[in-house]
Every structure is written in C-alpha cells, then in structure tokens.
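Structure first, then comments.
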Amino acid sequence: MTAAVSGARSVINRGLVLTTLGLLGVAGVMVLALGFTPVEATQGLAQKIFYVHVPAAFTALWVAVPATACAGLLYLWLHDPRLDRFAAASAEVSLVFCLVVLVTGPIWARPIWGAWWTWDGRLTLTLFLFFLLLGYQTMRAAIRDPVERARFSAVLGAMGLVLVPFIHLSVYLWRGLHPKPIVLKPGDPSLPPEMLHTLLYGLGAALLLYVGFVTLRYGIQLAQDQREAADAR
Amino acid sequence: MGNLFRLALVLAGKDLRLELRTRTSIISAAVFAALVLIVFNFARDPTAVATLDLAPSVLWVTVAFASVLAMNRGFLVERENAAFDGLLLAPVPREALFLGKYLANFAFVMLVEAIALPLFVLFFNLDLSHALGGLVLTMLLATMGFVAVGTIFSAMVVKTRFAELMLPVLLLPFMVPPLILAVKTTVPLFAGRPLSEVVDGLRFLAIYDIVFLTLAVLLFPAVVDE
Amino acid sequence: MPSADPALVIAAGLARRYGAVRALDGVDLTLAAGEVLLVLGPNGAGKSTLLRTLAGLLRPTAGTVTVGGRLLASDTHDVRRAIGLLSHQSLLYDELTLLENLVFTARLYGLPDPAARAATALAEQGLAERADDRPRSLSRGMQQRAAIARALIHDPALLLLDEPFTGLDAVAGDRLRALLAMHVTGRRAMVIVTHHASEAWDLATRVGVMVRGRWALEGPRPAGLDDFQQRYNEVARG
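Chains as they are written, first to last, in the working numbering: chain A, 31 to 263; chain B, 602 to 827; chain C, 705 to 942.
Below you can see the structure in the form of structure tokens.
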C-alpha cells in the first residue's frame, strides 16, 4: 500500500514540476508579447491579449475536450479506471481554459469594438463548451458509484464532442455568416513572423500547462481514490 | 428487426397506459406551456416590438422548456416503481428499450406541442394558415432530435441525485442547434415565404436527428447495462 | 448427490472489480437441475452482487456464466428466457393492475397468448380474484406472491431469490417454503440468498458462505444445522 501511495505522490510531483514550467512559459510569453513583439497597427495594445486568448482557446477546443471524449470512449471499451480519472482531470482543466478564454475575450473586445460581449462565433462556441463541461462536472458530482460515474461521463463526453460541430455551424448560421473554420489568426490576412513566433510560444506554453495541470489533478485524484479504497477495507 | 419494433411498441404502450392513468406529466407540461405563453404576452410591449418578429422565439422557447418538463418523466417511472430491473432481466435488446421509451417520449412531447400551438395562435392573434404545414414539419423534425438526446439523458439522470434539475442542465446545450434551426425555419414561414425556401434548414434538422438518434441508440446500452 | 445430471448453471472465475475494490473475487459455481443452493454471508460479502451477476444484471469484469449451455453475455439476450429473479423490488408497476403487469411481462418475454399465461400465473399463486387490483392494495405476503407469479411466468430453468423471506410472517414464510419446494423440479435449479440458514435449510441441497467476494466454504448441505451454524460463525468472522 505504501508503494501505491508513493506512486500517487510521484505523479503529483511530476505534475507540479510541469505546471511550474508551464506557468513560467506563460510568463515568458507575456514578457515576449509586451517587450519584444511589434504592436498591432489597428488594435493597439489590447491585441496583446491574443497571445494568451488564442492558445487557451485552441488547447481547450482541440486538445482538452477531445482528450476527455476519447478517454471516455476508450473507457467504455476497456473499463480501466485510469481512463476515467484522466478524462475527469482533462475536463476540469478544459473548464479552466474555457474560463480564461471567456475572460480574456471581453477584455480584448472592449477596447476594440466598444462592447464587452459581441456574440462572436468563436466566443459563443466557447461559452457552450463551458456549459457542457459544467454539466459534466455537475453530473459527476451527483453520482456516488464510481463505475456508474465513469460510464455516464463517457457517454456525456462522447455526445458533447459530437455536439460541438453542430453548435459551431448553427451559431454561424444564426449570425448569418458563411461557416468558416476556426482560424487562429486575427482578422489580418497574414501575421508578421515575430507575432507568429510569439503565438507559437504561447501555444507551447499552454500545452505544457495543460499537461502539467492534468498530471497534477490526476495525481490528486489517484491519491484520493487510494485513500478511499484503503478506508473501505 | 421486427421483434425489435414489436418490443418497442409493447414498452411504449406500457408507458402510454401509465401516463394516461396518472396524467401528471402531460398536464403539468401543458399548463406550463400555457403559463409561459401568458407570461410572454404580458412581458412584452406590443407597440414596441411587432408580434410577428417575436412570435417564432416565443413559440420555440415555450416548446423547449415544456418539452424538458415532459421528458422529465422519462425513466423516472421505472425508478418510482423500482421496475427497471424487470426490463433489463427480460430478453429485450437494449435498443428496443431505448426505442420504446423514445416513442413514448416523442408522443408526449408532440401532444404538449399540439396543445401549445393553438394556444400560441390564440394568444398572439396570428394567422398561420399558410405556414401550418411547414411549421408542423419543423416541429416534428426538431422534436425527433431533442427527444433522442432527452431519452438517453433521462436514463442517466434517473440514477443521480437531483434528477429533475440535472436533466435541463445537461439537455439544454443539446437543444440549441435544433432550436436555432427551427427558429431560422419558422421566421420565413411566418412571413409567408414558401416551404421551398427553408428546405436547407429542414435538411440540417434531419441531419441532427439522424446523428443523435444513432448516437443515442449506440450509447444507450452503456448507460443501462451495469 | 446429483452429479449425473448435466450442469444447468456454470459460473467460472466470476470477478467484479473496479480499481482496488473487489465485490466478487473469483467465484465458481456449478448447479444441476433439481439443486437448490443457499448463499449466506455477512453484509457486504458480495451475495447480492453474485445473484445479480447470475441474473445477467451485472457484467462481471472477469469470468463467465453459462445457463442451459448458453453463455450469458451482454449482446445475447435469448439466454435470459431461462432466468427468473425474485428481488427486493417487486418489479411491478403501481398504476397497472396485477393482470396488466403480468400481461406486459408475458409480452416482454414473447410468450404466446399473453393474456391466458398471465391469468394462469396469477391463479397458480392464488391471486385470481385480485387480478384487477393494483399492487399497492395487497398485503406484503400477497405482493410477494404477485412477484413470484411474475418471476415464474416464463417458466425459467434458473430461479434466483434475493432474501425472499424478509418481512414475511411465520405463515407466509411457510407458504413460501412449500411453494418453492413444489417448484424444485427436474428441470429447474434455484439459488437463494438468505440471512438465516434456517429459513430454507430443508430446501437446500448445497450451501455456500460468501466472505469478502469469495467462497469461504461451499459444498453439499451438511446434515446438521447446528454444527453448520458453528462453522458459519468461525468462517464469517475471519
């Protein structure tokens, strides 16, 4: 039993290291953005938030949520509790990243368009993702049996993932725009290389932070599960 | 295949008979729909916003919330009667269990809509004779989609705490695409445009229905089998 | 000791695990037609889990269950025709009459002439006059009989009973014992989970004690109840 506990400890430690590196990375990107990247012509200083906003959005939509859904589906096939633990950790981290997007989005929009919330297609999609993830968490909290919780989470995750493209398309339809793919660039036709570099560093930092957070959360849950199993005996 | 449908009809028949005996869900959902319509009527200023502009939204918001209420009964019937095991014990494919519950839920929701629609026409004083066919078709397609998601979710939430609260929380995000599509289709119809102009929206609704009905049938065994 | 008959139920290596929690931890079982297995054990030992796994309501994480030579798996449903369960829950709908409940069950099992089957099943339990009553209006003993009618309507080869004597008075208990004795035929086997061996001692041909997900002892029923009680106490404590 001691071996198992130390196993959880080492996962948590690894998570702490990765998270710290990730946070340092994000700090570095912000320094890079403010000090070493050219200021955007039309949007001015407010545009700088793009280097935090876009990586967070990308990570949430293309990495964190699909990871949760795929881990869930794999769980339905393999019934391995580790998959459920990972899916849950990834979902929580997705929620955090969605919050970052939803907070930085209005901060970016206000100085540029004069309104806090403009029902922008991408932000609206993130809002829906936020509510889906919130529903996921709420449901998990309301189920006591871990096997049932894992199964139901997997089903909800899979259905949520399929819903995302439908939301994307129907939101664009609602705004009367021709559906276009979610693009990482701002309205500009192309990004000057310094901006692209900073953006890519930002993306790297976000991904590192994601891995760090998920590892940390996984480790904490593992420790908790082991404690509960020990108590049950 | 024939057996699948036979069993689904047996199951749906049981649900319909149970509902007719108690009538609680239908009545609450219908009364709720009427109340929502009344509230909408008093919550607007008819001189500020044209009725026709607001009408589609009012109709679909009413339908959405009343449907969630109607679907709440879902598998609650089985839990209240502690009868779920009886269904799972029997040599019934889980797809038939889903289909039976789906047909029953679909019938209930359509019934609530059939009550809400005339009330809507009455309260808002609209002439929809030209749009009726298209409107009914839109209601059918939209309902088919979100009842599929509602049925599988009700099987899940029936085992959680706060089941009645959990269903709307989980279901509403899934109702948004069919709602948006339904409103997009209804607006031109109310304005007198022909059905041919809204075919795209209807097609989209049909795609949503096929995708989520298939997904629900595929995932349902994972929900009910332990 | 009936060993010449082919086994009706075979469970091999049944396990139900999630992470570190083991509800069933390697359980084997062989029952021939005409046998009655009594399952005893302390609370949380896994008795209900075993029963539900044999009923096909729980999927084991390891091991298999075979009934009448056919494998019980999540994608094959026909083998469920051979299984009947009497559980804590009545499995009856309160807003339907007894007859309507049983007709529904008969239809679920695809039985020919459901109405007649339902009427017969009720009559066999002495409930013919109450056929048009709701389950709510019956006494506990009668509700039990209605549940039995439901469990037996499709003539299952394997009958599983989860603490059937709970809440029954002496008279009702005797009636149940007599009924079960009648139904132990050359074609049927029973597994009865119970808290007190005395409740069904005379019916049993085999006895098993479950502790922490596995058999602490399992074998043909010994002759003396008192000696067995002693062994049970030793085993259930450890």
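Beta carbons: idealized from backbone N, C-alpha and C, even for Gly.
Keep in mind that this is a model prediction, so the values were computed, not measured.
inquiry  = By alpha-carbon positions, which one of GLY74/A, LEU239/A, PRO111/A ends up nearest to TYR722/C?
reply    = PRO111/A
task = Mark PHE88/A as exposed unless 16 or more other C-beta atoms lie within 10 angstroms of its C-beta, in which case mark it buried.
result = buried
inquiry  = Whether or not the stretch 683-694 of chain B and the stretch 651-669 of chain B are in contact is what I'm after, with contact meaning three or more pairs of Cβ atoms, one per stretch, closer than 8 Å; do they touch?
reply    = no
ask   = Hey, is ALA684/B's beta-carbon within less than 8 Å of any beta-carbon in chain A?
value = no
ask   = Of all the CB atoms in chain B, is at least one closer than 8 Å to the CB of ARG821/C?
value = no
key: Beta-carbon proximity check, LEU816/B vs VAL192/A, cutoff 8 Å   = yes
ask   = What does a CB cutoff of less than 6 Å around LEU755/C pick up in its chain, not counting 5 residues either side in sequence?
value = LEU864, ASP866, VAL897
ask   = In angstroms, rounded to a whole number, what distance separates the CA positions of SER841/C and THR625/B?
value = 21 Å
message = Is the beta carbon of ARG170/A closer than 8 Å to that of ALA118/A?
response = yes
Partner residues on chain A for GLY723/C, Cβ-Cβ distance less than 7 Å = PRO111, ASP255, ALA259
ask   = Is the beta carbon of LEU608/B sitting closer than 8 Å to the one on GLY687/B?
value = no
key: Residue environment, LEU698/B, which counts as buried when at least 16 other CB atoms sit within 10 Å   = buried
query = When you compare each of VAL664/B, TYR809/B, ARG674/B to MET711/B by their alpha carbons, which one comes out closest?
reply = VAL664/B
key: Any chain A beta carbon closer than 8 Å to THR765/C   = yes
inquiry  = For ARG763/C and LEU129/A, what's the separation of their Cα atoms in angstroms?
reply    = 39 Å
query = Residues of chain C with CB under 9 Å from GLY802/B, in chain order?
reply = Simply none; closest approach about 38 Å.
key: Beta-carbon contacts of ARG720/C that lie in its chain and below 7 Å, excluding the five residues immediately before and after   = ALA727, LEU728, THR753, THR757, LEU762, PRO764, THR765
task = Along the alpha helix (DSSP H) that carries ASP779/C, what are the first and last residues, could you check?
result = Where ASP779/C is concerned, there is no enclosing alpha helix (DSSP H), given that its DSSP letter is neither H nor E.
message = Beta-carbon within less than 7 Å of ILE137/A's beta-carbon, same chain only, minus the 5 sequence neighbours each way: which residues are those?
response = ILE79
inquiry  = Please tell me whether GLY603/B has its Cβ less than 8 Å away from any Cβ of chain C.
reply    = no
request  = Could you round the C-beta distance between ILE787/C and PRO860/C to whole angstroms and report it? I think they count as a contact, below 8 Å.
outcome  = 5 Å
message = DSSP has ALA836/C in a bridge; who is on the other side?
response = The identity of residue 836/C in the sequence shown is Asp, whereas the question assumes Ala. Answer by DSSP bridge pairing: none, since ASP836/C is not bridged.
ask   = Do we get a CB-CB distance below 8 Å when we pair PHE158/A with the residues of chain B?
value = yes
request  = For GLY165/A, return the contacting residues in chain B, with the cut-off set at a CB-CB distance below 8 Å.
outcome  = VAL770, LEU771, PRO774
ask   = Under 8 Å, do THR228/A and ARG44/A count as touching if we go by C-beta distance?
value = no
ask   = Between the stretch 843-862 of chain C and the stretch 873-883 of chain C, do three or more beta carbon pairs fall short of 8 Å?
value = yes
request  = Have a look at ARG925/C and GLY845/C and give me their C-alpha separation to the nearest angstrom.
outcome  = 28 Å
task = Quick one: residues in its chain with C-beta nearer than 6 Å to the C-beta of ILE173/A, no 5 flanking neighbours on either side, listed in chain order?
result = ARG179
request  = Give a yes or no on whether the C-beta atoms belonging to PHE127/A and ALA86/A are separated by under 8 Å.
outcome  = yes
message = Is the separation between the beta-carbon of GLY912/C and that of TRP919/C shorter than 8 Å?
response = yes
task = With THR787/B as the anchor, note down where its alpha helix (DSSP H) starts and where it stops.
result = 764-791
query = When the Cβ atoms of the stretch 773-783 of chain B are set against those of the stretch 725-744 of chain B, are three or more pairs found closer than 8 Å?
reply = yes
query = Nearest CA to the CA of ALA901/C: which residue from ARG916/C, LEU744/C, LEU712/C?
reply = LEU744/C
task = Provide the residue span of the beta strand (DSSP E) that contains ALA727/C, from first to last.
result = 725-736
request  = Starting from GLY745/C, trace the alpha helix (DSSP H) both ways and give me its first and last residue.
outcome  = Premise fails: GLY745/C is in no alpha helix (DSSP H) and is neither H nor E.
ask   = Leaving out five residues before and five after PHE709/B in sequence, what residues of the same chain have Cβ atoms less than 8 Å from its Cβ?
value = GLU620, SER626, ILE627, ALA630, ALA671, MET672, ARG674
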